[in-house]
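Going from the sequence shown to the numbering used here is simple: count from 1 and add 216. By construction, the Cβ of each residue, glycine as well, lies at the ideal position given by its N, Cα and C atoms.
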Amino acid sequence: MSIPSEITVVITQLQQELKQIQAQTTQGLTLVRSLMILFPDNETLNQFFAYFNTVLFFVIDSERRIQITQEHLTANIATETIQEAGEDLSNLLGRVLETRIKVEGILKRLEQLS
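The following block contains the structure:
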């Protein structure tokens, strides 16, 4: 059985957002590293560095969760399973969007310092 179109739309949006977050986070890590050379004891830069690394882990974990959900949906077509998967993916989308907003905010701050 195929995955319902509503869930496919959420999955596609999640994948796009995660790809964008990963690119922005990589850019942020590059900026932080260059600034940390100049200010190695700066606590804020250390926190940004740690946060960006955590975000990269979050992206990898989220991609894995999406893949597992897709596999589970193709194997199990129960209405309850589909509903739970949709709710889980919607919750994940909320966390992903919050993360993207935070990453963008930190990037703006770092670009102003550069």
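{"Asked": "Opening and closing residue of the alpha helix (DSSP H) in which F255 lies", "Found": "Here F255 belongs to no alpha helix (DSSP H), and DSSP marks it neither H nor E."}
{"Asked": "Span of the alpha helix (DSSP H) around A266", "Found": "259–291"}
{"Asked": "Cβ of A291 within 9 Å of any chain C Cβ", "Found": "Note that chain C does not occur in the displayed structure, where there is just one protein chain."}
{"Asked": "Buried or exposed (CB count within 10 angstroms, at least 16 for buried), V248", "Found": "buried"}
{"Asked": "Cutoff 8 Å; reference V275; Cβ partners in own chain excluding five residues on either side", "Found": "L234, I237, Q238, T241"}
{"Asked": "Coarse secondary structure for S330, derived from DSSP in three states", "Found": "coil"}
{"Asked": "Spatial distance of F265 from L308 (CA atoms)", "Found": "23 Å"}
{"Asked": "CB contact flag (I322, Y267, <9 Å)", "Found": "yes"}
{"Asked": "Segments assigned alpha helix (DSSP H), at least 4 residues, entirely inside the region 217–256", "Found": "221–254"}
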